[in-house]
Amino acid sequence: HTPQILMSFLKKLGFKNFVACLDIGHCAITGTEPETFIENMDNKILKGLHVHDNDYKFDRHTLPFCGNINWSAVIRSLKKIDYRQDLTFEIFGFLNKFPDDMLFSALKMAYATGQHLKKLFDDVDC
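Each residue of the sequence shown is one higher than the one before, starting from 1353 at the first, in the numbering used here.
Below, the structure written as structure tokens:
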């Protein structure tokens, strides 16, 4: 679906009672670039993000920068709409690849990735 259809639907429901959680990876595999979807959303309605990367073919649920999504463009779009909510990693496809004794290190990498995305957001000019 398009961001315009989603916005129209949520406005009809009343965005005081309903908000959107956008799945970045799903945008990529359904034909709309995540940054395009975001730029067509209202920050009063877009209140959450499922953040993960993929190869534009399969829903890989991997860590940002491990796939083909343009994270600089995504962050720029979030800044343009003045998004101030959380980024929720949905990266079980990344974490499931590690044995138990490496899981803490993988989670530290995920944390560092989140910090990097935050720095991109703080540093970007629109």
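Beta carbons: idealized from backbone N, C-alpha and C, even for Gly.
Excluding the five sequence neighbours on either side, which residues of its own chain have a C-beta within less than 6 Å of the C-beta of residue i, listed in chain order?
| i | result |
| --- | --- |
| residue 1395 | 1433, 1434, 1435 |
| residue 1379 | 1386, 1389 |
| residue 1450 | 1458 |
| residue 1373 | 1400 |
| residue 1420 | 1407, 1408 |
| residue 1359 | none |
Taking only the alpha-carbon atoms, compute the straight-line gap between residue i and residue j and give it to the nearest angstrom.
| i | j | result |
| --- | --- | --- |
| residue 1417 | residue 1399 | 23 Å |
| residue 1355 | residue 1474 | 25 Å |
| residue 1443 | residue 1453 | 18 Å |
| residue 1411 | residue 1397 | 25 Å |
| residue 1472 | residue 1384 | 22 Å |
| residue 1437 | residue 1466 | 13 Å |
| residue 1456 | residue 1440 | 18 Å |
| residue 1478 | residue 1470 | 15 Å |
| residue 1363 | residue 1357 | 10 Å |
| residue 1361 | residue 1464 | 36 Å |
Just checking my contact of residue i with residue j at CB under 8 Å: how many whole Å lie between their CB atoms?
| i | j | result |
| --- | --- | --- |
| residue 1461 | residue 1415 | 7 Å |
Enumerate in chain order the residues of its own chain whose CB-to-CB distance from residue i is below 8 Å, with the five nearest sequence positions on each side excluded.
| i | result |
| --- | --- |
| residue 1448 | none |
So, are the CB atoms of residue i and residue j less than 7 Å apart?
| i | j | result |
| --- | --- | --- |
| residue 1403 | residue 1376 | yes |
| residue 1445 | residue 1468 | no |
| residue 1371 | residue 1431 | no |
For the segment 1387-1405 against the segment 1421-1431, do three or more pairs of beta-carbon atoms, one drawn from each stretch, fall closer than 8 Å, so that the two count as touching? For the pair of segments examined, the segment 1387-1405 was found to touch the segment 1421-1431: the number of CB pairs separated by less than 8 Å reaches three.
Give a yes or no on contact between the segment 1403-1410 and the segment 1361-1372, applying the rule of three or more CB pairs nearer than 8 Å. The segment 1403-1410, when compared against the segment 1361-1372, does not touch it at the 8 Å Cβ threshold.
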